[in-house]
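Since the structure comes first, as C-alpha cells, the remarks are kept for the end.
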Amino acid sequence: VYTSHCIEHLTDDNAKHVIREVYRVLKKDGIFRIIVPDISKYFEAYDNKDLNFFNWIRNKMPYSYDSWLRFITREFAGNIVDDFSDDQLIKKYKKIGTQKYCEEFGKLSNENRDNNKNIPDVHKSYWDANRMDEILKKIGFKNVSKKNQFEGGISYFVNKSNLMFNNTRPNISLFYEGSK
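If you use this note's numbering, the sequence shown corresponds to residues 945 to 1124, in order.
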C-alpha cells in the first residue's frame, strides 16, 4: 500500500484508523509506504530562521499572509490555527517548545468538531519520525523504518524513472515503511 501526502489531511483518530485498516488488509510481509510532510523539518527551519525552506509556498495564497509560525501550525492544525493570534502562537511556542506545541495543537485539531473548519484540504495531524515510528509499531507493523526518497522495499515505488511516486515535495517530506 502506498500513500503520499494524504493522511495529514485526516485527524489523528481518522489517520490511525486508516493505518490500522491498511495493516488489517495487508498480506503477510506486505509493505506499507507512507509519505507525509515532516513537521520537524518545518520547525528546524523556523528555529534556524531559514527562509529558503519556505520558498516553495511563500507567495501562494493564503499562505503569503501567514507568519512563519502560523503557516507551520496550519500544516498540522489548519482547522483551528485561525482561532489564535500570532502573538498567542509565538508565546505558546516559546513557552512549551516544539514537541508540546505539536501535541497541544494536534490535540485541539483532533478534537475539533466544527464541520466548517474540518474541510478536506486542511491539514489536521502532525507527523515526524518519532511519532510515525511509534504509531506504526503500536499498530503492529514490523521492520518499521525511515527511508529516503528512492529507498524502500518495493522497487516499483522507488524507481527514479517512475515520476508518479515520491515526487510530491520531497524536500519537506518524511518517507516511511513498515511491513506486516
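Idealized CB from N, CA, C, for every residue including glycine.
| Asked | Found |
| --- | --- |
| Cβ pair Ser1117, Ile979 closer than 7 angstroms | yes |
| Under 7 angstroms between C-beta atoms of Gly1041 and Val1088 | no |
| Terminal residues of the beta strand (DSSP E) in which Ile975 lies | Ile975 to Pro981 |
| Rounded C-alpha distance that separates Gly1050 from Ser1069 | 6 angstroms |
| Cross-strand partners of Ser1089 (DSSP beta bridge) | Glu1121 |
| Beta-carbon contacts of Tyr967 that lie in its chain and below 8 angstroms, excluding the five residues immediately before and after | Phe976, Ile1083, Gly1084, Phe1085 and Lys1124 |
| Per DSSP, cross-strand counterpart(s) of Ser948 | Ile979 |
| Cut-off 8 angstroms between Cβ atoms - residues of its own chain near Asp982, not counting five sequence neighbours on either side | Trp1071, Asp1072, Ala1073, Ile1116, Ser1117 and Leu1118 |
| 7 angstroms Cβ cutoff met for Asn1054 and Asp956 | yes |
| Neighbourhood of Lys1090 by C-beta distance below 8 angstroms, restricted to the same chain and skipping five residues each side | Ala1073, Met1076, Asp1077, Leu1118, Phe1119 and Tyr1120 |
| Backbone secondary structure at Val1066 - three-state DSSP | coil |
| CB of Phe1094 within 7 angstroms of CB of Tyr946, strictly | no |
| C-alpha gap between Phe1109 and Gly1097, whole angstroms | 14 angstroms |
| Nearest to Leu1052 (by Cα), restricted to the options Lys1004, Glu965 and Asn1023 | Asn1023 |
| Alpha-carbon to alpha-carbon, Asn999 and Glu965 | 36 angstroms |
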